[in-house]
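Input: a single structure, listed below in structure tokens.
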Amino acid sequence: MKKWIILFLVVSGAVLSGSAAKRKPNVVIFYTDDQPMDSFGFINGKAHTPNIDQLAQSGTYFSRAYATSSVCSPSRYSALTGQYASRCQSPQFRKEISTEGVTKVLWNMGMEEGQWNFPRVMQANGYKTGMVGKWHVGSSGKHGYRKSVPNNDPKDPAVIEVLKYNQEYYCKDIAEFGFDYVGAAFHGNPNDDPNLVKTGCNVHVPEWQTMHALNFIEENKDEPFVLYYASTLLHVPDCTADLKKDPRLTPLGWMDEPIAPGVLPPREDVLRRAREAGVPESENGKLIAATWLDDVVGAVQHKLKELGLDDNTLVIYFNDNSTDDQGKGSCYQGGAHVPMMVNLPGVVKPGERKELVANIDIAPTIFDFCGVTPPEDMVLDGASLMPLCRGENVSDWRDAMFLEIGITRAVVTDDNFKYLAFRVPESYTNRPKEEILKEHRESLANIHKMFPWTKKMWHEEENPRYMHMGMAPGGHHMERFQLYLNHPPFEKNYFDPDQLYDLNRDPRETTNLAENPEYQAKLQKMQKKLSRLLADVPGTFAELKPEE
């Protein structure tokens, strides 16, 4: 009898071991928001981010990663689809294509019904898919619309009912894009939700978001899963200000108890640890709040380890765009250049890689790592990072990276030069002057309403010029901030139609070499490179990709 018991145990162990060996891998993607370079402790030591630092140090750190479009919506579109944002086919995006055929990549992104993205592909291949946090890539239009709160009292049951209804609506709507589980969701920027602004509710509630992330992992611990955790941190409003608010004031209204007690360390402890580490309180609170974000990463990693999933889960960390030098919304380094980390001990080789990589590579990397073949009709502009992560020498890796936003296009090459082309379509300027001035006045009025202090410095212009995002004559407020507030080189180079920078010597792009006789051959080579890249994406672009 004992022999049979021993034989049963041996056979059972072998079966279980074989089952574990054949277990499909998991993926967790952290997609953070407006995270500047100095909020990564391992980069310059200003922030206290031990968990994020560990991801970089024990995994592959890509020091030349780019958000191909440096504002929230197109950045997320590219991460989810593996495509350049100019491939978008949503009605809003197509509506803003110029008469000449120039696409204008901004916040006008949306995915069409049935369009392939990585959650839909993974779902079709037997994976459970989860999404937590900020969406900002359009609506399916299948579940009604957001309701408005009846007053500004977050304790009023009628207000709470509306906030809960809206949260259910957001989750149902986002689930249409390929997610089995959606929680703690925001359709767009949480501070743009008029209900949250009206009721004074916290917009940064990482405890709530992380609770949903951990619930998803727990519920799917025995099945392969992909989790897309798109944190609202470190986007405005001031993250440190929210750290100091009562956590019972939530996007679901006032609660008698904190929404997710114990999921993350207490908020006062975040402040204490950051200050003890010598982190300064920056103007927008991002440096101290980076420790709050770091706790999110630590909590998810702890859950994976607790469930024995840490040795089978690929972790990808990407920031939707940077905010250095007010570069967000531009093709400049301050907006487009971001850190990227990929981590899985035993599979991913630790160390820095200097190849040009981007958010368009996230979807192909997920497919490759999980052994999933994407549909034949899914266009992928990106490539899998797994060969680089394994430490392989990839001789045919891309030698240039394409960037796009508004009415600018750029290319960064493997020798670390950048060429930026700024072309204002003739249809924007060949209009009656009064029509242009009317649009300028309306734009300026909106800026003054949002930022009253700008009335003293930004006045109506007689001949307002379009800026890089191409949003209105005289510029959108983000463009004006780029030009006037924080990046002196913009004053000198910003409106130059052709801009060439040697990023090795000039990482902040202070000296435009396009008119330098010594760099004319390089300029022409970079223009040809950009023209070849433009040929692969929809839309025209002046003489670099003229109308056919």
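Reminder that position 492 of the sequence shown reads as 638 in my numbering, one-by-one numbering, no gaps. Backbone N, C-alpha and C define an ideal beta-carbon position, used for all residues, glycine too. All values derive from a computational prediction rather than experimental measurement.
Contact between Asn348 and Asn312 does not hold, since their C-beta atoms are separated by about 15 Å, which reaches or exceeds 8 Å. Pairwise C-beta distances place the segment 381-396 in contact with the segment 410-430, as three or more of them are shorter than 8 Å. Shown here, Tyr291 sits in coil according to DSSP, grouped into three states, outside any helix or strand. If you check the CB distance, Val308 and Val328 do not come in under 8 Å.
For the options Glu538, Leu646, Glu661 and Asn505, the alpha carbon positioned closest to that of Val494 is the one of Glu538. Contact between Ala482 and Tyr212 is confirmed by a C-beta separation of about 5 Å, below the 8 Å threshold.
Bridge partners of His483 according to DSSP: Tyr212. Residue pairing by DSSP puts Arg499 in a beta bridge opposite Phe208.
Counting other Cβ atoms within 10 Å of its Cβ, Thr249 reaches 16 or more and is therefore classed as buried.
Distance from the Cα of Gly256 is smallest, within the candidate group Ile320, Tyr375 and Cys516, for Ile320. When DSSP reads this structure, Glu550 sits in a beta bridge with Arg555.
For Val518 and Gly272, the gap between their C-alpha atoms comes out near 10 Å.
Boundaries for Val540: no alpha helix (DSSP H) harbours it, and the DSSP string shows neither H nor E there. For the options Thr178, Gly492, Cys516 and Trp604, the alpha carbon positioned closest to that of Trp438 is the one of Thr178. By the neighbour-count criterion, in which a residue is buried when 16 or more other Cβ atoms sit within 10 angstroms of its Cβ, Trp281 is buried.
Counting only runs of 3 or more residues that sit fully inside the segment 319-386, the beta strand (DSSP E) segments are 327-332 and 371-376, in chain order. Restricting attention to Leu395, His333, Phe264 and Gly276, the CA atom closest to the CA of Asp299 is found in Leu395.
The criterion of a C-beta distance shorter than 8 Å is satisfied by Glu353 and Ile405. Secondary structure of Ile462 (DSSP, three-state): strand.
DSSP places Ala567 inside the beta strand (DSSP E), whose first and last residues are Phe563 to Phe568. Nearest C-alpha to Leu690 among Gly247, Arg240 and Asp470: Gly247. Going by C-alpha positions, Gly454 is about 10 Å away from His448. For Lys274, the pairing in a beta bridge is given by DSSP as Phe371. Between the C-alpha atoms of Ser219 and Leu226 there is a straight-line separation of about 11 Å. In this structure the segment 227-235 lies against the segment 502-509, because at least three pairs of beta carbons, one per stretch, are closer than 8 Å.
At a cut-off of 4 residues, the continuous stretches assigned as alpha helix (DSSP H) that sit fully inside the segment 167-242 are 187-190, 196-204, 218-227 and 237-241. Under the criterion of beta carbons closer than 8 Å, Tyr463 and Phe188 do not qualify as touching, at roughly 12 Å. The C-beta separation of His623 from Met596 comes to about 6 Å, placing the pair in contact by the 8 Å criterion.
Assignment of Thr396 by DSSP, reduced to helix, strand and coil, places it in the strand class.
By the neighbour-count criterion, in which a residue is buried when 16 or more other Cβ atoms sit within 10 angstroms of its Cβ, Trp262 is buried. Secondary structure of Phe515 (DSSP, three-state): helix. Between the beta-carbon of Val267 and that of Pro520 there is about 6 Å, and that keeps the pair under the 8 Å contact cut. Taking C-beta separations shorter than 7 Å and ignoring five residues to either side along the sequence, the partners of Phe627 in its chain run Gln472, following chain order. Put simply, of Gly620, Arg651, His614 and Lys241 the residue whose alpha carbon is nearest the alpha carbon of Asn639 is His614. In this structure, Ile551 keeps its C-beta atom at 8 Å or more from the C-beta atom of Phe568.
A contact between stretches requires three or more CB pairs, one per stretch, nearer than 8 Å, and the segment 521-534 fails this requirement with the segment 581-594.
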